[in-house]
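These notes concern the structure reproduced below.
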Amino acid sequence: MRPLDLATLTNLVSGLPRFGRVQYRASVGSTNTLAVDRLHSDDNLGISFVTETQTAGRGRAGRRWESPPGAGIYVSTILPAELGAEVLPALGFWASLAAREACLAVAGVALDPKWPNDLLWEGKKCVGILCEGRSVGQNSRVVVGVGINVNRPGSVPVAIGGIAAWLSDATGKELKREPLLATLLAIYEREFDRLCRAPREIIADWARVAKLQGRLVSVKSADGSVMHTGTVLGLDPDGALLLETASGTARVTLGDVDAIAR
Amino acid sequence: MDVDKETLDELVALMQRDGLDRIRVSAGGVTVDARMTASQTAAPVPASPAPPVPAKSAVPRAAAEEAPPGVVKVVAPLVGVFYRSPAPGAKPFVEVGDEIVAGHTLCILEAMKLMNEIVSEHSGRIVRICAEDGQLVTLHQELFWIAT
Chain H
3 MRPLDLATLT NLVSGLPRFG RVQYRASVGS TNTLAVDRLH SDDNLGISFV TETQTAGRGR
63 AGRRWESPPG AGIYVSTILP AELGAEVLPA LGFWASLAAR EACLAVAGVA LDPKWPNDLL
123 WEGKKCVGIL CEGRSVGQNS RVVVGVGINV NRPGSVPVAI GGIAAWLSDA TGKELKREPL
183 LATLLAIYER EFDRLCRAPR EIIADWARVA KLQGRLVSVK SADGSVMHTG TVLGLDPDGA
243 LLLETASGTA RVTLGDVDAI AR
Chain U
17 MDVDKETLDE LVALMQRDGL DRIRVSAGGV TVDARMTASQ TAAPVPASPA PPVPAKSAVP
77 RAAAEEAPPG VVKVVAPLVG VFYRSPAPGA KPFVEVGDEI VAGHTLCILE AMKLMNEIVS
137 EHSGRIVRIC AEDGQLVTLH QELFWIAT
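Set out below in structure tokens:
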């Protein structure tokens with residue numbers, strides 16, 4: 003796998019006033035941890051931390067995010083301004099929309115959104131998102147972590163063999179990662195003001211793209227037990243999934259949601 | 017009737033206030049049937065290292081106790097699941113009796129997969145922890161009392 007060409011990447015993002023600063027490391031434990039540890043300093047607002055591989059990449063609930071060297075984009079971005087509490091529920095949806103648009107624009111691959119923010123290719127996970135923040139009073143500083151599986155590695159980690167997809171599975175050819183990452187950051191730049199101004203509009207946009215309404219789904223907890231089964235009514239304004247279940251309407255804010263074939 | 021978050025919050029608050037186990041509301045072709053049980057609440061059961069506490073035991077906002085002089089309340093800035101520790105099985109961020117300084121992390125609130133640390137604006141001693149690990153807390157619900 004070819005390493006990221008930093009000169010090319012820097013050139014591509016240099017015109018972005020708020021999201022144009024990238025810090026690169028060949029290897030890191032977790033880009034999210036790196037970024038969260040730097041949230042305290044005003045100087046770090048807007049920086050994206052990028053790496054070739056993570057030795058302790060992670061997702062929600064302590065899950066691992068496998069990060070084979072050179073095969074993906076592993077980037078954690080400290081958003082360039084503090085956010086009000088009302089914006090926070092929209093963050094994952096915002097990042098999901100941005101990653102989907104970037105993959106479509108650069109690779110021509112239309113990924114399927116999975117509530118609340120994963121992106122799938124033929125039912126397998128291609129993009130994972132982990133947002134972490136720190137709130138003091140009503141204001142929060144936030145890290146948006148995105149992992150995109152780009153080029154299928156020669157050796158796929160056993161743990162994800164049957165559940166992960168790479169963009170190259172769809173394109174049939176290896177993709178350059180620099181334009182994809184630069185496009186993602188450019189979309190952040192374009193959409194950041196809208197996130198702050200109209201977070202519920204972002205959630206409504208995501209719902210339109212995801213087309214979940216009417217689908218039969220199950221919601222599982224982290225230990226795999228089923229919490230709900232029902233038909234999707236839609237999303238509420240804060241992004242919670244509304245399900246019609248046998249015992250009434252359920253409002254879901256957590257859990258793994260999987261479609262059930264009818 | 018719009019089944020939005022405010023409507024559902026109002027229904028949950030009504031159930032908590034009046035000690036109702038179940039409420040069924042129909043309007044405009046939409047029916048909401050919410051139940052409170054020991055194992056499941058009107059909201060989803062959170063994935064938590066500790067057993068979730070039923071919403072019945074949540075502190076109703078209407079019954080909030082006045083804090084004594086010198087004690088400040090830390091309230092939830094958003095709706096989310098309250099976690100007392102950074103990871104399942106890890107040591108809690110704070111315990112009752114702990115002396116903390118401003119900037120200390122008190123808990124995590126998870127909302128839509130955003131893991132959000134709540135940081136204290138005040139130095140002082142933790143005198144009350146008002147929510148249980150894994151509990152879904154509502155906007156402005158009390159989380160901690162700190163004697164400053």
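In the order they appear, the protein sequences are chains H and U. Its first residue numbered 3, the first sequence is counted upward by one per residue in this note's numbering. Its first residue numbered 17, the second sequence is counted upward by one per residue in this note's numbering. The beta-carbon is built from N, C-alpha and C at its ideal position, and this holds for glycine as well.
From which residue to which residue does the alpha helix (DSSP H) around residue i run?
| i | result |
| --- | --- |
| Arg199 (chain H) | Arg179 to Arg199 |
| Glu103 (chain H) | Leu93 to Ala109 |
| Val234 (chain H) | Per DSSP, Val234 (chain H) belongs to no alpha helix (DSSP H); it is in the beta strand (DSSP E), Val228 to Leu237. |
| Val38 (chain H) | Thr33 to Val38 |
| Leu132 (chain H) | Not the alpha helix (DSSP H): Leu132 (chain H) falls in the beta strand (DSSP E), residues Lys126 to Val138. |
| Leu169 (chain H) | Leu169 to Thr173 |
Is it buried or exposed, residue i, if we count other Cβ atoms within 10 angstroms and call 16 or more buried?
| i | result |
| --- | --- |
| Gly113 (chain U) | exposed |
| Asn34 (chain H) | buried |
| Ile49 (chain H) | buried |
| His42 (chain H) | exposed |
| Gln140 (chain H) | exposed |
| Ser78 (chain H) | buried |
| Gln157 (chain U) | buried |
| Asn132 (chain U) | buried |
| Ile142 (chain U) | buried |
| Gly74 (chain H) | buried |
| Asn119 (chain H) | buried |
| Gly216 (chain H) | exposed |
| Leu8 (chain H) | exposed |
| Pro115 (chain H) | buried |
| Ile80 (chain H) | buried |
| Asp149 (chain U) | buried |
| Arg143 (chain H) | buried |
| Asp45 (chain H) | exposed |
| Gly156 (chain H) | exposed |
| Ala54 (chain U) | At Ala54 (chain U), the pLDDT of 33 sits below 50, so the modelled position is not reliable; the number obtained from the coordinates is stated separately. By the 10 Å Cβ count, Ala54 (chain U) comes out exposed. |
| Gly140 (chain U) | buried |
| Val24 (chain H) | buried |
| Ala58 (chain H) | exposed |
| Arg65 (chain H) | exposed |
| Glu68 (chain H) | buried |
What are the start and end residues of the beta strand (DSSP E) that includes residue i?
| i | result |
| --- | --- |
| Gly12 (chain H) | The displayed chain sequence assigns Thr, not Gly, to residue 12 (chain H). No beta strand (DSSP E) holds Thr12 (chain H); the alpha helix (DSSP H) holding it covers Leu8 to Val15. |
| Leu243 (chain H) | Leu243 to Thr247 |
| Thr121 (chain U) | Thr121 to Ala127 |
| Ser142 (chain H) | Asn141 to Asn151 |
| Ala261 (chain H) | Asp258 to Ala261 |
| Ser78 (chain H) | Gly74 to Ile80 |
| Asn132 (chain U) | Leu130 to Val135 |
| Phe275 (chain H) | Given a span of 3 to 264 for chain H in the structure shown, any question on residue 275 (chain H) remains unanswerable. |
| Ser29 (chain H) | Arg23 to Val30 |
| Trp117 (chain H) | It is not in any beta strand (DSSP E) - Trp117 (chain H) carries neither H nor E in the DSSP assignment. |
| Gly105 (chain U) | No beta strand (DSSP E) holds Gly105 (chain U); DSSP gives it neither H nor E. |
| Gly250 (chain H) | Gly250 to Val254 |
| Lys89 (chain U) | Val87 to Val91 |
| Val97 (chain U) | Gly96 to Tyr99 |
If I'm right that residue i touches residue j with Cβ under 8 angstroms, what's the distance once you round it to whole angstroms?
| i | j | result |
| --- | --- | --- |
| Val148 (chain H) | Ala97 (chain H) | 6 angstroms |
| Leu237 (chain H) | Ile204 (chain H) | Not really, about 11 angstroms apart at Cβ, beyond 8 angstroms. |
| Thr247 (chain H) | Gly232 (chain H) | 4 angstroms |
| Cys123 (chain U) | Ile134 (chain U) | 5 angstroms |
| Ser32 (chain H) | Arg60 (chain H) | 6 angstroms |
| Thr173 (chain H) | Gly130 (chain H) | With 8 angstroms as the limit, Thr173 (chain H) and Gly130 (chain H) do not qualify as a contact, their Cβ atoms being about 20 angstroms apart. |
| Gly125 (chain H) | Lys129 (chain U) | Not quite, the Cβ-Cβ distance comes to about 20 angstroms (not below 8 angstroms), so this is no contact. |
| Arg4 (chain H) | Gly72 (chain H) | 7 angstroms |
| Ala37 (chain H) | Phe51 (chain H) | 5 angstroms |
| Val228 (chain H) | Leu243 (chain H) | At roughly 14 angstroms, the Cβ-Cβ gap does not stay under 8 angstroms, so Val228 (chain H) and Leu243 (chain H) are not in contact. |
| Ala92 (chain U) | Val153 (chain U) | 5 angstroms |
| Gly86 (chain U) | Ala147 (chain U) | Contact doesn't hold; Cβ gap of about 22 angstroms is too wide. |
| Leu14 (chain H) | Pro181 (chain H) | 7 angstroms |
| Leu11 (chain H) | Leu183 (chain H) | 6 angstroms |
What in chain C is Cβ-close to residue i, meaning under 9 angstroms?
| i | result |
| --- | --- |
| Ile134 (chain U) | Although the question refers to chain C, the structure presented lacks it and instead comprises the protein chains H and U. |
- Message: Is it the case that the region 149-163 of chain H contacts the region 79-91 of chain H, given that we only count it when at least three CB pairs across the two stretches are under 8 angstroms?
- Response: no
- Message: Output needed in chain order: residues of the region 97-119 of chain U with a Cβ under 7 angstroms from some Cβ in chain H.
- Response: Val97, Ala103 and Pro104
- Item | Short-range partners of chain U found in the region 132-156 of chain H, where Cβ spacing is below 8 angstroms | Leu132, Cys133, Glu134, Gly135, Arg136, Ser137, Val138, Gly139, Gln140, Ser142 and Val144
- Task: May I ask you to verify whether the region 93-112 of chain H touches the region 99-111 of chain U, counting CB pairs closer than 8 angstroms and requiring at least 3?
- Result: no
- Task: Anything in the region 235-250 of chain H with a Cβ closer than 8 angstroms to a Cβ of chain U? List those residues in chain order, please.
- Result: Leu235, Asp238, Pro239, Asp240, Gly241, Ala242, Leu244, Ser249 and Gly250
- Item | the region 175-195 of chain H in contact with the region 205-215 of chain H per 3-pair CB rule at 8 angstroms | no
- Could you name the residues of the region 83-95 of chain H whose beta carbon sits closer than 7 angstroms to any beta carbon of chain U, in the order they occur along the chain? Ala87, Leu90, Pro91, Leu93 and Gly94
- Item | Contact residues within the region 103-128 of chain H, judged by C-beta distance below 8 angstroms to chain U | Pro118 and Asn119
- Message: At a CB distance below 8 angstroms, what residues from the region 79-93 of chain U approach chain H? Give them in sequence order.
- Response: Pro93
- Item | Members of the region 136-158 of chain U that neighbour chain H once the beta carbon cut-off is set at 9 angstroms | Ser136, Glu137, Leu152 and Leu155
- Item | Near-chain U residues of the region 216-234 of chain H - C-beta to any C-beta below 8 angstroms | Val221, Ser223, Ala224, Asp225, Met229 and His230
- Message: At a CB distance below 9 angstroms, what residues from the region 182-199 of chain H approach chain U? Give them in sequence order.
- Response: none
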